Amino acid sequence: MKTRAFPAAVAAAALAAAPAFAQTAALQSLQDLAGSGAAVAGPSGAFDGARASGGAAQVTGNDLPSTRATTQSQVQQAMLSNLDFIHSAFDAQYGPGQWKQSHEGWDLNAAIASAKAQVQADPNMTIAQYHDVLRRFFTSMKDFHVSVQFDSTEASSLPFTVSGAGGHYFITSIDRSKLSASSFPFHVGDELVSFGGKPIAQVVADLQARLGGNTSQTERALAEMYLTSRSGAGFGDVAEGPINVSVKPAGSSQVETRQLTWDYSPELISNPGGHAFSMAQAPGSMGGPGSIPSMFSPVAAEMSGPEAAANPFGLGNKTSFVPALGEKVWQSDPSAIFYAYIFKTPGGHLAGYVRIPSYETPDSNAAVAEFAGLMQLFQQKTDGLVLDEVDNPGGSVPYLYALASMLTGSPLTTPKHHVAITQNDVDDAVQLLQMAPMVQNDSGAQLVLGKTLDGYPVDYTVWRNMVDYSRFVVAQWNLGKRLTDPIAIEGVASINPSSVANFTKPILLLINELDFSGGDFFPAIMQDNARATLFGTRTAGAGG
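In my numbering, the protein residues as written are 1 to 544.
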(Lines of atoms letter the chains of each structure in order from A; the text may use other names.)
(Lines give C-alpha, C1' and ligand atoms only; values in the text may rest on other atoms or scores of the structure.)
Protein backbone atom coordinates (compact mmCIF):
# COMPACT_ATOMS: atom_id res chain seq x y z
CA MET A 1 0.00 0.00 0.00
CA LYS A 2 1.28 3.45 -0.80
CA THR A 3 1.39 6.10 1.83
CA ARG A 4 -1.30 8.56 0.91
CA ALA A 5 -2.75 11.79 2.21
CA PHE A 6 -5.69 11.65 4.62
CA PRO A 7 -9.06 12.50 3.05
CA ALA A 8 -9.75 16.18 3.63
CA ALA A 9 -13.39 17.08 4.12
CA VAL A 10 -12.68 20.67 5.06
CA ALA A 11 -11.95 22.56 1.86
CA ALA A 12 -10.04 25.72 2.73
CA ALA A 13 -9.14 24.98 6.32
CA ALA A 14 -8.05 21.40 5.81
CA LEU A 15 -4.52 20.34 5.04
CA ALA A 16 -5.45 19.92 1.41
CA ALA A 17 -4.55 16.27 1.74
CA ALA A 18 -1.24 16.88 3.49
CA PRO A 19 1.48 16.38 0.89
CA ALA A 20 3.55 13.24 1.11
CA PHE A 21 7.29 13.84 0.89
CA ALA A 22 8.59 14.31 -2.60
CA GLN A 23 12.30 14.89 -2.94
CA THR A 24 12.66 15.87 -6.57
CA ALA A 25 15.95 16.03 -8.39
CA ALA A 26 16.20 16.34 -12.15
CA LEU A 27 19.12 14.37 -13.48
CA GLN A 28 19.54 15.01 -17.19
CA SER A 29 22.69 12.91 -17.35
CA LEU A 30 20.69 9.69 -16.91
CA GLN A 31 20.72 9.18 -20.65
CA ASP A 32 20.00 5.91 -22.37
CA LEU A 33 19.83 3.91 -19.14
CA ALA A 34 17.13 1.75 -20.66
CA GLY A 35 14.52 0.93 -18.13
CA SER A 36 16.42 2.48 -15.26
CA GLY A 37 13.39 4.20 -13.89
CA ALA A 38 13.62 2.41 -10.57
CA ALA A 39 11.35 1.81 -7.64
CA VAL A 40 13.69 2.32 -4.73
CA ALA A 41 12.12 1.20 -1.50
CA GLY A 42 14.21 2.50 1.33
CA PRO A 43 15.02 6.23 1.42
CA SER A 44 13.15 7.89 4.28
CA GLY A 45 11.56 5.81 6.92
CA ALA A 46 11.40 4.70 10.50
CA PHE A 47 13.83 2.36 12.16
CA ASP A 48 14.13 0.51 15.44
CA GLY A 49 17.03 -1.90 15.31
CA ALA A 50 16.14 -5.29 13.87
CA ARG A 51 12.43 -4.46 14.13
CA ALA A 52 12.45 -1.71 11.55
CA SER A 53 10.01 -0.03 9.26
CA GLY A 54 12.04 1.37 6.41
CA GLY A 55 10.54 4.04 4.26
CA ALA A 56 10.13 3.91 0.56
CA ALA A 57 10.62 6.02 -2.48
CA GLN A 58 10.03 5.56 -6.15
CA VAL A 59 12.30 6.75 -8.88
CA THR A 60 10.53 7.33 -12.15
CA GLY A 61 11.81 8.50 -15.49
CA ASN A 62 10.50 11.03 -17.99
CA ASP A 63 11.93 11.45 -21.46
CA LEU A 64 14.19 14.37 -22.13
CA PRO A 65 14.39 14.39 -25.91
CA SER A 66 16.92 17.23 -25.92
CA THR A 67 19.60 15.07 -24.28
CA ARG A 68 20.79 11.77 -25.64
CA ALA A 69 23.75 9.56 -24.94
CA THR A 70 25.21 8.66 -28.31
CA THR A 71 28.54 7.21 -27.20
CA GLN A 72 29.51 4.53 -24.71
CA SER A 73 31.47 7.16 -22.79
CA GLN A 74 28.30 9.19 -22.32
CA VAL A 75 26.41 6.10 -21.20
CA GLN A 76 29.10 5.36 -18.62
CA GLN A 77 28.96 8.93 -17.35
CA ALA A 78 25.18 8.66 -17.09
CA MET A 79 25.58 5.56 -14.96
CA LEU A 80 27.98 7.37 -12.62
CA SER A 81 25.64 10.36 -12.40
CA ASN A 82 22.78 7.99 -11.62
CA LEU A 83 24.80 6.64 -8.70
CA ASP A 84 25.47 10.19 -7.48
CA PHE A 85 21.72 10.80 -7.41
CA ILE A 86 21.05 7.59 -5.51
CA HIS A 87 23.84 8.50 -3.08
CA SER A 88 22.26 11.87 -2.41
CA ALA A 89 18.78 10.41 -1.92
CA PHE A 90 19.91 7.76 0.53
CA ASP A 91 22.17 10.16 2.40
CA ALA A 92 19.20 12.47 3.00
CA GLN A 93 16.42 9.99 3.59
CA TYR A 94 17.54 6.48 4.54
CA GLY A 95 16.65 6.13 8.21
CA PRO A 96 18.57 2.95 9.11
CA GLY A 97 21.86 4.18 7.59
CA GLN A 98 23.51 5.29 10.83
CA TRP A 99 22.46 2.16 12.70
CA LYS A 100 23.67 -0.09 9.91
CA GLN A 101 27.06 1.62 9.89
CA SER A 102 27.58 1.19 13.64
CA HIS A 103 26.06 -2.30 14.00
CA GLU A 104 26.54 -3.96 10.61
CA GLY A 105 29.54 -2.14 9.17
CA TRP A 106 27.57 -1.01 6.11
CA ASP A 107 28.73 2.37 4.84
CA LEU A 108 26.81 4.31 2.19
CA ASN A 109 29.90 6.07 0.84
CA ALA A 110 31.80 2.79 0.52
CA ALA A 111 28.86 1.04 -1.13
CA ILE A 112 28.49 3.81 -3.73
CA ALA A 113 32.25 3.86 -4.31
CA SER A 114 32.17 0.11 -4.94
CA ALA A 115 29.34 0.48 -7.46
CA LYS A 116 31.18 3.29 -9.26
CA ALA A 117 34.35 1.23 -9.39
CA GLN A 118 32.45 -1.58 -11.11
CA VAL A 119 31.15 0.86 -13.72
CA GLN A 120 34.55 2.46 -14.27
CA ALA A 121 36.25 -0.92 -14.59
CA ASP A 122 34.14 -1.79 -17.64
CA PRO A 123 33.95 1.00 -20.25
CA ASN A 124 31.65 -1.20 -22.36
CA MET A 125 29.18 -2.05 -19.59
CA THR A 126 25.72 -2.79 -20.92
CA ILE A 127 22.47 -1.53 -19.44
CA ALA A 128 21.67 -5.05 -18.18
CA GLN A 129 25.06 -5.27 -16.48
CA TYR A 130 24.50 -1.87 -14.87
CA HIS A 131 21.17 -3.07 -13.56
CA ASP A 132 23.03 -5.88 -11.79
CA VAL A 133 25.40 -3.30 -10.27
CA LEU A 134 22.38 -1.48 -8.88
CA ARG A 135 20.84 -4.70 -7.59
CA ARG A 136 24.06 -5.48 -5.70
CA PHE A 137 24.10 -1.99 -4.19
CA PHE A 138 20.54 -2.25 -2.92
CA THR A 139 20.91 -5.78 -1.55
CA SER A 140 24.11 -4.74 0.25
CA MET A 141 21.90 -2.93 2.79
CA LYS A 142 20.32 -6.23 3.84
CA ASP A 143 16.99 -4.46 4.16
CA PHE A 144 13.83 -6.04 2.77
CA HIS A 145 12.28 -2.58 2.55
CA VAL A 146 14.96 -1.58 0.06
CA SER A 147 14.67 -2.72 -3.52
CA VAL A 148 15.14 -1.51 -7.05
CA GLN A 149 12.73 -2.03 -9.92
CA PHE A 150 13.39 -1.25 -13.56
CA ASP A 151 11.16 -0.42 -16.50
CA SER A 152 11.53 -3.74 -18.26
CA THR A 153 9.16 -6.14 -19.98
CA GLU A 154 11.57 -9.08 -20.06
CA ALA A 155 10.33 -11.96 -17.94
CA SER A 156 10.21 -15.72 -17.86
CA SER A 157 8.42 -18.41 -15.91
CA LEU A 158 7.71 -22.11 -15.70
CA PRO A 159 4.19 -23.32 -14.87
CA PHE A 160 4.98 -24.87 -11.50
CA THR A 161 6.26 -23.73 -8.11
CA VAL A 162 8.61 -25.26 -5.59
CA SER A 163 9.16 -25.04 -1.84
CA GLY A 164 11.91 -26.50 0.30
CA ALA A 165 11.71 -28.54 3.50
CA GLY A 166 14.43 -30.41 5.32
CA GLY A 167 16.98 -29.92 2.56
CA HIS A 168 14.65 -31.26 -0.12
CA TYR A 169 12.54 -29.35 -2.66
CA PHE A 170 8.96 -30.26 -3.48
CA ILE A 171 6.47 -29.20 -6.13
CA THR A 172 3.76 -27.08 -4.49
CA SER A 173 1.59 -26.16 -7.49
CA ILE A 174 1.23 -26.95 -11.18
CA ASP A 175 -0.64 -24.90 -13.76
CA ARG A 176 -2.33 -27.67 -15.70
CA SER A 177 -3.66 -25.20 -18.27
CA LYS A 178 -0.05 -24.83 -19.41
CA LEU A 179 1.46 -28.14 -18.33
CA SER A 180 -0.66 -31.21 -18.99
CA ALA A 181 -0.35 -34.42 -17.04
CA SER A 182 0.77 -36.23 -20.21
CA SER A 183 3.73 -33.90 -20.75
CA PHE A 184 4.52 -33.47 -17.06
CA PRO A 185 3.34 -36.62 -15.23
CA PHE A 186 4.19 -35.31 -11.79
CA HIS A 187 2.12 -34.07 -8.89
CA VAL A 188 2.15 -31.68 -5.98
CA GLY A 189 4.38 -33.25 -3.33
CA ASP A 190 6.81 -34.85 -5.79
CA GLU A 191 10.47 -33.97 -5.19
CA LEU A 192 12.45 -31.83 -7.64
CA VAL A 193 15.95 -33.29 -7.79
CA SER A 194 17.75 -31.33 -10.49
CA PHE A 195 17.14 -28.21 -12.53
CA GLY A 196 18.95 -27.46 -15.76
CA GLY A 197 21.32 -30.35 -15.15
CA LYS A 198 22.40 -29.08 -11.73
CA PRO A 199 21.41 -30.34 -8.28
CA ILE A 200 18.42 -28.31 -7.15
CA ALA A 201 20.10 -27.31 -3.88
CA GLN A 202 22.97 -25.74 -5.86
CA VAL A 203 20.58 -23.82 -8.12
CA VAL A 204 18.65 -22.44 -5.15
CA ALA A 205 21.92 -21.48 -3.42
CA ASP A 206 23.09 -19.63 -6.56
CA LEU A 207 19.81 -17.70 -6.75
CA GLN A 208 19.96 -16.94 -3.04
CA ALA A 209 23.46 -15.50 -3.46
CA ARG A 210 21.98 -12.78 -5.68
CA LEU A 211 19.83 -11.56 -2.78
CA GLY A 212 22.65 -10.13 -0.67
CA GLY A 213 22.98 -12.18 2.51
CA ASN A 214 20.03 -10.94 4.55
CA THR A 215 17.90 -13.27 6.73
CA SER A 216 18.93 -16.71 5.49
CA GLN A 217 15.60 -18.53 5.78
CA THR A 218 13.74 -15.68 4.10
CA GLU A 219 16.20 -15.40 1.23
CA ARG A 220 16.12 -19.14 0.66
CA ALA A 221 12.31 -19.02 0.45
CA LEU A 222 12.52 -16.12 -2.00
CA ALA A 223 15.09 -17.99 -4.08
CA GLU A 224 12.66 -20.91 -4.29
CA MET A 225 10.05 -18.50 -5.70
CA TYR A 226 12.52 -17.02 -8.20
CA LEU A 227 13.46 -20.52 -9.34
CA THR A 228 10.48 -20.59 -11.74
CA SER A 229 9.51 -16.90 -11.97
CA ARG A 230 11.89 -14.06 -12.90
CA SER A 231 11.65 -10.58 -14.35
CA GLY A 232 14.03 -8.00 -15.74
CA ALA A 233 12.12 -5.41 -13.72
CA GLY A 234 13.05 -7.03 -10.43
CA PHE A 235 15.20 -10.06 -9.69
CA GLY A 236 16.82 -10.29 -13.12
CA ASP A 237 18.65 -13.41 -14.35
CA VAL A 238 15.83 -13.98 -16.85
CA ALA A 239 16.09 -17.38 -18.55
CA GLU A 240 14.78 -18.60 -21.89
CA GLY A 241 14.76 -21.69 -24.06
CA PRO A 242 14.55 -25.36 -23.04
CA ILE A 243 15.44 -26.67 -19.61
CA ASN A 244 15.56 -30.19 -18.20
CA VAL A 245 13.97 -30.87 -14.82
CA SER A 246 14.35 -34.14 -12.94
CA VAL A 247 11.69 -35.23 -10.48
CA LYS A 248 11.35 -38.12 -8.05
CA PRO A 249 7.66 -38.97 -7.60
CA ALA A 250 6.42 -39.43 -4.05
CA GLY A 251 6.84 -43.04 -2.90
CA SER A 252 9.28 -43.84 -5.71
CA SER A 253 13.05 -44.16 -5.81
CA GLN A 254 13.17 -43.53 -9.56
CA VAL A 255 14.05 -40.12 -10.97
CA GLU A 256 12.34 -39.05 -14.20
CA THR A 257 13.45 -36.18 -16.44
CA ARG A 258 11.35 -33.96 -18.67
CA GLN A 259 12.31 -31.04 -20.88
CA LEU A 260 10.29 -27.87 -20.47
CA THR A 261 10.54 -24.50 -22.19
CA TRP A 262 10.63 -21.20 -20.35
CA ASP A 263 7.58 -19.00 -21.02
CA TYR A 264 9.68 -16.05 -22.12
CA SER A 265 8.62 -12.45 -22.78
CA PRO A 266 11.31 -10.39 -24.54
CA GLU A 267 12.39 -6.87 -23.73
CA LEU A 268 10.15 -4.42 -25.61
CA ILE A 269 11.49 -1.16 -24.16
CA SER A 270 14.32 0.22 -26.24
CA ASN A 271 16.70 2.87 -24.99
CA PRO A 272 14.34 5.86 -24.64
CA GLY A 273 16.92 8.64 -24.56
CA GLY A 274 17.42 11.01 -21.65
CA HIS A 275 15.47 10.82 -18.41
CA ALA A 276 14.70 13.17 -15.58
CA PHE A 277 14.40 11.29 -12.33
CA SER A 278 12.48 12.14 -9.17
CA MET A 279 11.89 10.64 -5.77
CA ALA A 280 8.32 9.92 -4.70
CA GLN A 281 6.50 7.63 -2.29
CA ALA A 282 6.31 3.91 -2.95
CA PRO A 283 4.87 0.95 -1.02
CA GLY A 284 6.28 0.44 2.45
CA SER A 285 6.66 3.99 3.68
CA MET A 286 6.01 5.90 6.86
CA GLY A 287 5.56 9.24 5.10
CA GLY A 288 5.30 12.50 7.02
CA PRO A 289 2.74 13.84 9.47
CA GLY A 290 -0.72 13.80 7.92
CA SER A 291 -0.20 10.67 5.83
CA ILE A 292 -1.37 7.11 6.32
CA PRO A 293 1.69 5.01 7.19
CA SER A 294 2.26 1.75 5.40
CA MET A 295 4.39 -1.29 6.14
CA PHE A 296 4.23 -3.20 2.87
CA SER A 297 7.14 -5.15 1.44
CA PRO A 298 8.11 -4.28 -2.16
CA VAL A 299 8.86 -7.98 -2.60
CA ALA A 300 5.13 -8.61 -2.66
CA ALA A 301 4.55 -6.64 -5.85
CA GLU A 302 7.00 -8.76 -7.82
CA MET A 303 5.74 -12.05 -6.40
CA SER A 304 1.99 -11.39 -6.84
CA GLY A 305 -0.35 -12.18 -9.71
CA PRO A 306 -2.54 -15.03 -10.98
CA GLU A 307 0.23 -17.61 -10.79
CA ALA A 308 1.00 -16.68 -7.18
CA ALA A 309 -2.68 -16.89 -6.27
CA ALA A 310 -2.75 -20.56 -7.31
CA ASN A 311 0.26 -21.36 -5.12
CA PRO A 312 -0.56 -22.25 -1.49
CA PHE A 313 2.85 -20.88 -0.58
CA GLY A 314 2.25 -17.56 -2.38
CA LEU A 315 2.52 -14.21 -0.60
CA GLY A 316 -0.71 -12.64 0.61
CA ASN A 317 -3.06 -15.39 -0.57
CA LYS A 318 -6.50 -15.74 1.00
CA THR A 319 -5.68 -19.29 2.10
CA SER A 320 -2.28 -20.62 3.09
CA PHE A 321 -0.47 -23.94 3.17
CA VAL A 322 -1.67 -24.56 6.74
CA PRO A 323 -3.96 -27.64 6.63
CA ALA A 324 -7.29 -27.88 8.43
CA LEU A 325 -6.47 -28.01 12.13
CA GLY A 326 -9.34 -30.28 13.10
CA GLU A 327 -12.91 -31.26 12.39
CA LYS A 328 -14.72 -28.11 11.27
CA VAL A 329 -18.05 -27.32 12.91
CA TRP A 330 -18.44 -23.95 11.18
CA GLN A 331 -16.75 -22.22 8.23
CA SER A 332 -16.98 -18.78 6.65
CA ASP A 333 -18.71 -18.38 3.31
CA PRO A 334 -16.40 -18.74 0.27
CA SER A 335 -17.28 -15.16 -0.70
CA ALA A 336 -16.18 -13.79 2.69
CA ILE A 337 -13.12 -11.57 2.94
CA PHE A 338 -11.51 -13.79 5.58
CA TYR A 339 -11.11 -17.54 5.45
CA ALA A 340 -12.18 -18.65 8.94
CA TYR A 341 -13.64 -21.63 10.73
CA ILE A 342 -14.30 -23.21 14.13
CA PHE A 343 -12.81 -26.64 14.78
CA LYS A 344 -12.69 -29.30 17.46
CA THR A 345 -9.37 -29.79 19.24
CA PRO A 346 -8.11 -33.26 20.24
CA GLY A 347 -9.17 -32.41 23.77
CA GLY A 348 -12.73 -31.78 22.71
CA HIS A 349 -12.61 -27.98 22.93
CA LEU A 350 -13.69 -25.57 20.22
CA ALA A 351 -11.12 -23.21 18.73
CA GLY A 352 -11.34 -20.54 16.07
CA TYR A 353 -9.11 -20.08 13.05
CA VAL A 354 -8.77 -17.02 10.85
CA ARG A 355 -6.36 -16.33 8.03
CA ILE A 356 -4.83 -12.83 7.85
CA PRO A 357 -3.23 -12.83 4.38
CA SER A 358 -1.96 -9.24 4.50
CA TYR A 359 -2.74 -5.83 5.93
CA GLU A 360 -3.66 -4.61 2.47
CA THR A 361 -7.29 -4.89 1.38
CA PRO A 362 -9.46 -3.21 -1.27
CA ASP A 363 -12.14 -2.27 1.27
CA SER A 364 -10.66 -1.87 4.74
CA ASN A 365 -13.94 -0.80 6.35
CA ALA A 366 -15.72 -3.92 5.09
CA ALA A 367 -12.82 -6.11 6.19
CA VAL A 368 -12.76 -4.59 9.69
CA ALA A 369 -16.54 -5.06 10.02
CA GLU A 370 -16.27 -8.71 8.98
CA PHE A 371 -13.34 -9.30 11.35
CA ALA A 372 -15.39 -7.77 14.17
CA GLY A 373 -18.18 -10.25 13.47
CA LEU A 374 -15.70 -13.12 13.60
CA MET A 375 -14.27 -11.96 16.92
CA GLN A 376 -17.76 -11.67 18.41
CA LEU A 377 -18.52 -15.20 17.26
CA PHE A 378 -15.22 -16.64 18.47
CA GLN A 379 -15.46 -14.89 21.84
CA GLN A 380 -18.86 -16.46 22.37
CA LYS A 381 -18.29 -19.93 20.89
CA THR A 382 -14.61 -20.86 21.28
CA ASP A 383 -11.95 -21.38 23.94
CA GLY A 384 -9.05 -20.03 21.89
CA LEU A 385 -7.99 -18.69 18.50
CA VAL A 386 -5.41 -19.56 15.87
CA LEU A 387 -4.35 -16.58 13.76
CA ASP A 388 -2.65 -17.65 10.51
CA GLU A 389 -0.31 -14.85 9.42
CA VAL A 390 2.21 -16.87 7.38
CA ASP A 391 3.35 -15.45 4.01
CA ASN A 392 2.06 -11.98 4.95
CA PRO A 393 3.67 -9.09 3.01
CA GLY A 394 2.34 -6.35 5.33
CA GLY A 395 0.27 -3.31 4.44
CA SER A 396 -1.52 -0.42 6.14
CA VAL A 397 -0.55 0.35 9.74
CA PRO A 398 -3.99 1.78 10.72
CA TYR A 399 -5.71 -1.31 9.32
CA LEU A 400 -3.31 -3.48 11.30
CA TYR A 401 -4.15 -1.47 14.43
CA ALA A 402 -7.87 -1.91 13.76
CA LEU A 403 -7.52 -5.71 13.73
CA ALA A 404 -5.25 -5.72 16.78
CA SER A 405 -7.76 -3.61 18.72
CA MET A 406 -10.27 -6.46 18.48
CA LEU A 407 -7.85 -9.03 19.92
CA THR A 408 -7.52 -7.48 23.36
CA GLY A 409 -9.46 -6.18 26.32
CA SER A 410 -6.76 -3.74 27.39
CA PRO A 411 -4.48 -1.27 25.55
CA LEU A 412 -1.61 -2.72 23.49
CA THR A 413 1.68 -0.82 23.64
CA THR A 414 3.28 -0.25 20.21
CA PRO A 415 7.02 -0.38 19.43
CA LYS A 416 8.82 2.91 18.93
CA HIS A 417 10.82 3.86 15.84
CA HIS A 418 13.55 6.24 14.85
CA VAL A 419 12.19 8.25 11.92
CA ALA A 420 14.25 9.91 9.18
CA ILE A 421 12.75 13.36 8.62
CA THR A 422 13.18 15.91 5.84
CA GLN A 423 12.15 19.52 5.36
CA ASN A 424 9.01 18.29 3.63
CA ASP A 425 8.06 16.29 6.72
CA VAL A 426 8.54 19.39 8.85
CA ASP A 427 6.43 21.42 6.43
CA ASP A 428 3.65 18.81 6.68
CA ALA A 429 3.89 18.98 10.46
CA VAL A 430 3.67 22.78 10.52
CA GLN A 431 0.60 22.75 8.27
CA LEU A 432 -1.12 20.25 10.55
CA LEU A 433 -0.25 22.29 13.65
CA GLN A 434 -1.70 25.42 12.07
CA MET A 435 -4.97 23.58 11.70
CA ALA A 436 -4.95 22.05 15.19
CA PRO A 437 -7.00 24.82 16.92
CA MET A 438 -9.86 24.22 14.48
CA VAL A 439 -10.39 20.63 15.67
CA GLN A 440 -11.83 20.39 19.18
CA ASN A 441 -13.78 17.13 19.31
CA ASP A 442 -14.51 13.77 17.66
CA SER A 443 -16.72 15.24 14.97
CA GLY A 444 -14.09 17.82 14.06
CA ALA A 445 -11.45 15.10 13.74
CA GLN A 446 -13.75 13.02 11.55
CA LEU A 447 -14.57 16.03 9.39
CA VAL A 448 -10.88 16.41 8.59
CA LEU A 449 -9.73 12.80 8.53
CA GLY A 450 -12.86 10.82 7.76
CA LYS A 451 -14.64 8.40 10.07
CA THR A 452 -11.87 5.83 9.73
CA LEU A 453 -8.28 5.54 8.56
CA ASP A 454 -8.16 2.28 6.65
CA GLY A 455 -10.76 0.90 9.04
CA TYR A 456 -9.22 2.31 12.23
CA PRO A 457 -11.86 4.50 13.93
CA VAL A 458 -11.07 8.21 14.04
CA ASP A 459 -11.76 10.18 17.20
CA TYR A 460 -10.30 13.19 18.94
CA THR A 461 -7.58 11.04 20.52
CA VAL A 462 -6.33 10.02 17.07
CA TRP A 463 -6.18 13.69 16.09
CA ARG A 464 -4.32 14.66 19.28
CA ASN A 465 -1.80 11.89 18.62
CA MET A 466 -1.16 13.39 15.19
CA VAL A 467 -0.79 16.87 16.67
CA ASP A 468 1.66 15.66 19.32
CA TYR A 469 3.61 13.77 16.68
CA SER A 470 3.80 16.88 14.50
CA ARG A 471 5.12 18.94 17.42
CA PHE A 472 7.69 16.23 18.01
CA VAL A 473 8.85 16.32 14.38
CA VAL A 474 9.27 20.11 14.45
CA ALA A 475 11.11 20.00 17.78
CA GLN A 476 13.48 17.28 16.58
CA TRP A 477 14.24 19.22 13.42
CA ASN A 478 14.96 22.36 15.43
CA LEU A 479 17.43 20.34 17.49
CA GLY A 480 19.26 19.53 14.28
CA LYS A 481 18.19 15.87 14.15
CA ARG A 482 17.49 14.19 10.82
CA LEU A 483 16.96 10.86 12.58
CA THR A 484 14.56 11.36 15.44
CA ASP A 485 14.57 9.95 18.93
CA PRO A 486 12.33 6.87 19.30
CA ILE A 487 8.66 7.66 18.76
CA ALA A 488 5.51 5.65 18.10
CA ILE A 489 4.29 5.79 14.50
CA GLU A 490 2.08 8.88 14.10
CA GLY A 491 2.21 9.17 17.91
CA VAL A 492 0.03 6.10 18.50
CA ALA A 493 1.81 4.79 21.60
CA SER A 494 -0.95 2.31 22.43
CA ILE A 495 -3.85 0.66 20.63
CA ASN A 496 -7.05 0.95 22.62
CA PRO A 497 -9.46 -1.99 22.68
CA SER A 498 -12.21 -1.85 20.06
CA SER A 499 -15.64 -0.67 21.19
CA VAL A 500 -17.25 -3.21 18.81
CA ALA A 501 -15.55 -6.57 19.47
CA ASN A 502 -12.93 -7.93 21.84
CA PHE A 503 -11.49 -11.43 21.74
CA THR A 504 -9.81 -11.93 25.13
CA LYS A 505 -9.07 -15.68 25.16
CA PRO A 506 -5.73 -17.37 24.33
CA ILE A 507 -4.26 -16.79 20.86
CA LEU A 508 -1.75 -18.85 18.89
CA LEU A 509 -0.17 -16.77 16.10
CA LEU A 510 1.35 -18.67 13.16
CA ILE A 511 4.33 -16.92 11.56
CA ASN A 512 7.10 -17.75 9.09
CA GLU A 513 10.08 -16.40 7.19
CA LEU A 514 7.89 -14.79 4.52
CA ASP A 515 6.18 -12.38 6.91
CA PHE A 516 7.41 -8.93 5.91
CA SER A 517 7.06 -5.42 7.26
CA GLY A 518 3.58 -5.21 8.80
CA GLY A 519 3.85 -8.99 8.95
CA ASP A 520 6.80 -8.42 11.32
CA PHE A 521 5.17 -5.55 13.19
CA PHE A 522 1.91 -7.29 14.14
CA PRO A 523 3.60 -10.31 15.80
CA ALA A 524 5.95 -7.91 17.59
CA ILE A 525 3.01 -6.04 19.09
CA MET A 526 1.26 -9.25 20.12
CA GLN A 527 4.42 -10.73 21.61
CA ASP A 528 5.56 -7.56 23.41
CA ASN A 529 2.18 -7.33 25.10
CA ALA A 530 2.09 -11.05 25.98
CA ARG A 531 -1.16 -11.26 24.03
CA ALA A 532 -0.28 -14.25 21.83
CA THR A 533 2.02 -17.23 21.66
CA LEU A 534 4.05 -17.13 18.45
CA PHE A 535 4.55 -20.42 16.60
CA GLY A 536 6.71 -20.95 13.52
CA THR A 537 9.97 -19.60 12.16
CA ARG A 538 11.36 -16.08 12.64
CA THR A 539 9.85 -13.42 10.43
CA ALA A 540 11.78 -11.62 7.69
CA GLY A 541 12.74 -8.55 9.72
CA ALA A 542 11.82 -6.25 6.84
CA GLY A 543 13.13 -2.77 7.33
CA GLY A 544 16.57 -3.47 8.67
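Just so you know, even glycine gets a beta-carbon here, dropped at the ideal spot from N, CA and C. Since we're looking at a predicted model, the values are computed, not measured.
For PHE85, the three-state secondary structure derived from DSSP is helix.
DSSP places LYS451 outside both helix and strand once states are collapsed to three, so it counts as coil. Here DSSP, grouped into helix, strand and coil, assigns GLU490 to helix. Residue pairing by DSSP places PHE522 in no beta bridge whatsoever. Counted as a single uninterrupted DSSP element, the beta strand (DSSP E) harbouring GLU327 occupies residues 327-331. Counting C-beta pairs closer than 8 Å gives three or more between the stretch 201-208 and the stretch 157-170, which meets the contact rule.
8 Å or more divides the Cβ of GLN72 from the Cβ of ASN109.
By DSSP's assignment, ALA530 forms no beta bridge with any residue. Contact annotation: LYS416 and ILE487 have beta-carbon atoms nearer than 8 Å. With fewer than 16 other CB atoms across the displayed protein chains lying within 10 angstroms of its CB, TRP330 is exposed. For THR461, the enclosing alpha helix (DSSP H) covers residues 460-478. Closest by C-alpha distance to SER140, out of ASP459, THR172, GLY97 and TYR169, is GLY97. For MET375, the three-state secondary structure derived from DSSP is helix.
Taking the Cα positions, TYR359 is about 6 Å away from TYR399. ALA369 and ALA530 have their C-alpha atoms some 25 Å from each other. With respect to the C-alpha of LEU433, the residue from LEU192, THR153, ALA540 and ALA475 having the closest C-alpha is ALA475. With respect to GLY166, HIS418 sits apart: the two C-beta atoms are not nearer than 8 Å.
Contact between the stretch 234-245 and the stretch 253-264 is present: 3 or more CB-CB pairs across the two stretches fall below 8 Å. In the DSSP annotation of this structure, the continuous segment of the beta strand (DSSP E) that includes SER173 starts and ends at 168-174.
Straight across, the Cα-Cα distance linking GLY212 with LYS142 is about 6 Å. The C-alpha of GLY373 is placed about 43 Å away from the C-alpha of ALA181. Within its own chain, the residues whose Cβ lies closer than 8 Å to the Cβ of PRO266, once the five positions on either side in sequence are excluded, are THR153 and GLU154, listed in chain order. Rounded to whole angstroms, PHE343 and SER231 show a C-alpha spacing of 41 Å. In the structure shown, the three-state DSSP call for GLU191 is strand. Taking 8 Å as the upper bound for CB-CB distance, ASN465 and GLY444 are not in contact here, some 15 Å apart. Contact annotation, PRO523 with LEU509: C-beta distance approximately 6 Å; criterion of less than 8 Å satisfied.
For ARG355, the uninterrupted beta strand (DSSP E) segment begins and ends at 350-355. Looking at the DSSP output, ARG258 bridges to VAL245. In the structure shown, LYS198 adopts extended strand secondary structure according to DSSP, grouped into three states. Secondary structure of LEU509 (DSSP, three-state): strand. Leaving aside the five residues that flank GLY241 on each side, the residues in its chain whose CB is nearer than 8 Å to its CB run, in chain order, THR261, TRP262 and TYR264.
Between the alpha carbons of PHE150 and LEU134 lies a gap of roughly 10 Å. Ranked by Cα distance from PRO411, the first of GLY384, LYS381, PHE321 and ASN502 is ASN502.
The shortest C-alpha to C-alpha distance from GLN93 to any of VAL146, HIS131 and SER102 is the one to VAL146. Counting only residues of its own chain and dropping the five nearest sequence neighbours on each side, ASP91 has a CB closer than 8 Å to the CB of GLY97 and LEU108. The alpha-carbon of TRP477 is positioned some 38 Å away from that of ASN512.
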